[in-house]
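Residue numbers (the numbering used here): 146 to 439.
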């Protein structure tokens, strides 16, 4: 699909995500300017019609809309600080992963140099870039978001503006990462336990998928209760939950596999017991997790 009026964008950072984004813009008929520290990563995109800028300054000067796909915000400062004079009038769509506080600081830094930052949190891997069903969280000035939304929809078809606060998109992204990495670790722990008992990952895959697919129902059930501060033990009790996670720990220990993850779960559940929540729902652990451990 091409645009009726030629549009243009600069992409800085050509890791797998940046390459996928630049490729998606080319697919949609955009004029694409690139910059990457290792210039050879742009070769395939240049062969498709993109232009490789020789310097960061020239990459910034080429277009109002600049998409940043970098490791973190420190990498952004390292690249853009020496090129600050070229930032005025630019819209920086910062899709680099980092903390909400760093996103807010970066937005202030950009504003001081005459630029505007739209913070973004892409919820898919590179294979999901350019897909209509994929989603990116954004936050920052709504007028800027709406003006550039057609370009943002090239990156992912769904664009979710969470508010003016530049930290909100980063927060939503990190919330997703909390769940993703914890879930993947639990899956890998299950594979290790299965392997110790002569089973392959393929042998447990149907059971793992069924277990994962049951979670949305639990999320919905607990959301209303947690928001209401209602942790009554009418459905589940922390004392029983603690026994369950202890059984998980002992099963892994008996199998001779690493117990770091199940031991951490047991420690958290036992803290809940020590805080007097034995007869409450396991969701009472949320109240402990709202504060840093002593």
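In this text, a Cβ means the ideal position worked out from N, Cα and C, and glycines have one as well.
- Three or more beta-carbon pairs separated by less than 8 Å are not found between the segment 167-176 and the segment 223-239, which leaves the two stretches without contact.
- In this structure residue 318 is in contact with residue 266, their Cβ atoms being roughly 3 Å apart against a cut-off of 8 Å.
- If you compare the alpha carbons of 362, 293, 416 with that of residue 439, the shortest gap goes to 416.
- Residue pairing by DSSP places residue 197 opposite 179 in a beta bridge.
- Residue pairing from DSSP places residue 262 in a beta bridge opposite 237.
- Under the three-state reduction of DSSP, residue 349 is assigned to helix.
- A distance of 7 Å or more separates the beta carbons of residue 425 and residue 362.
- Per the coordinates, the alpha-carbon of residue 404 lies some 35 Å from the alpha-carbon of residue 282.
- Taking a cut-off of 8 Å on C-beta distances, the segment 306-320 does not touch the segment 328-337, as fewer than three cross pairs fall below it.
- Residue 235 counts as buried, since at least 16 other C-beta atoms from the protein chains shown sit within 10 angstroms of its C-beta.
- For residue 307, the three-state secondary structure derived from DSSP is coil.
- Scanning its chain for C-beta atoms nearer than 7 Å, with the 5 sequence neighbours on each side dropped, one finds around residue 251 the residues 218, 221, 239, 262, in chain order.
- In the DSSP assignment, residue 157 falls within the unbroken beta strand (DSSP E) covering 153-157.
- Residue pairing by DSSP leaves residue 247 without any beta bridge partner.
- Note that the C-beta distance between residue 204 and residue 198 is below 7 Å.
- Look at the segment 343-417 and you find these whole runs of alpha helix (DSSP H), each 4 residues long or longer: 346-372, 383-400.
- Within the same chain, and ignoring the five residues on either side of residue 214 in sequence, the residues whose Cβ sits closer than 8 Å to its Cβ are 156, 157, 158, 159, 160, 162, 163, 166, 240, 241.
- Under DSSP, the beta-bridge partners assigned to residue 211 are 155, 237.
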